[in-house]
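>
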Amino acid sequence: MQSLVKRFNTAELLTFTYIFITTVYIMVFSGKSVVHTQTYYLLLYRVFFSVALFIMVYIEEKSDNKFTGFIRYVFPFALITYWYPETYNLGYNTGYDLPESIIAPNLDSFFDRLDSAVFGCSPAMEFSKAFPQAFVSEIMYFGYFAYYLIFLFLFVYCYLEKTDLAEKAMFYCLCSFFVFYIIFILIPVAGPQFYYSYPDNQVPDGYVFSWLMRSIQDMGEKPTGAFPSSHVGLTIIAMILLYENARKYFYAILPIAIILVASTVYIKAHYLIDVVAAIIVTPFIFILSKLIFKLFMK
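The working numbering applies: residue 10 is where the sequence shown begins, and numbers increase by one.
As structure tokens, this is what we get:
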């Protein structure tokens, strides 16, 4: 058994851990949520992804080349495209309405009121109204899309240039995502794009990136994961890793990262308080990820 475990890297072992934790959650609360009608599908996905991880290890060990090594390296991270929207399905009493959780009702109204109380207005509603120009919308949608590009660059750079950092970077980011996802499951906030009614939930049209991001959101976005903003949190972590290990790239990407943070409010994915919360909690999540990495390395 120990020799089998050693064949997996820390990100893969972390993924198995998340699968185990959420499987227990599904089994315990399957009678109290939409999970009840999807239990077999949710468990089947977990079996499928577990088998896929074994297959990736087998293929990479047999081929032993850079390309398959990189595919195996990023595969656990690629699975977040499934884990993120699933946080909605793991909520309590979810459906087509705004989600609730096992410990709290839907909290969108609370965070919308908190935004107004703290900032004197509803920033998610007013930001795009103040800047309705198509080129501004396009810049913001590009910033939101750049989220994927930043991580692609980070992982490719680490894999090719900083091999000693690659496993750590992948683990820190993946672990931070999982911490955010557990928060999303327990604290149900859908975000302005789902909470506001038409036309308040609309964003001015841009051009290419406006269309691209809306297409991506139509395919995979669900009313979940607004508080705190994982987009902001994980961007901060990626930028910390770049600052510590690739300073010149950090300064080149920093303006894009700033636009990315602003875009989360502009396109109504988040309340401004979600951004503030992410800035506050992310350093602690990053430290926690480092501590967990040390445990996995033992």
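All C-beta atoms in this analysis are idealised placements derived from N, C-alpha and C, irrespective of residue type, glycine included.
(1) Between E21 and T32, what straight-line distance do the alpha-carbon atoms span, to the nearest angstrom?
(2) H279 and A235: beta carbons closer than 8 Å?
(3) Just to confirm, is the Cβ distance from T244 to Y166 under 8 Å?
(4) Flag this pair as yes or no: are the beta carbons of P275 and S219 separated by less than 8 Å?
(5) Given this structure, state the Cα-to-Cα distance separating L300 from T26, to the nearest angstrom.
(6) Ends of the alpha helix (DSSP H) at E279?
(7) Where does the unbroken alpha helix (DSSP H) through T244 begin, and where does it stop?
(8) Considering only residues of the same chain and omitting the five flanking positions on each side of F136, which have a CB-CB separation below 6 Å?
(9) Quick check on DSSP: helix, strand or coil for E109?
(10) Count the CB pairs spanning the region 120–127 and the region 77–88 that are closer than 8 Å, and state whether there are at least three.
(11) If you check the beta carbons only, do Y97 and P232 fall under 8 Å apart?
(12) Among P197, F180, L251, which residue has its Cα nearest to the Cα of L23?
(13) Considering only their Cβ atoms, is the gap separating I89 from S185 smaller than 8 Å?
(14) By how many angstroms is the C-alpha of L107 removed from the C-alpha of F203?
By the coordinates alone:
(1) Straight-line Cα distance between these residues: approximately 16 Å.
(2) yes
(3) no
(4) Residue 275 is actually Tyr in this sequence, not Pro. In this structure, S219 does not lie closer than 8 Å to Y275 by Cβ.
(5) 15 Å
(6) Rather than Glu, the amino acid found at residue 279 in this sequence is His. First-last for H279: undefined, no H or E at that position.
(7) 239–254
(8) In the same chain as F136, and ignoring 5 residues on each side of it, the C-beta atoms closer than 6 Å to its own belong to V274, Y275, in chain order.
(9) strand
(10) Judged by pairs of C-beta atoms under 8 Å, the region 120–127 does not touch the region 77–88, as fewer than three such pairs exist.
(11) yes
(12) F180
(13) no
(14) Looking at the two C-alpha atoms, the distance is approximately 8 Å.
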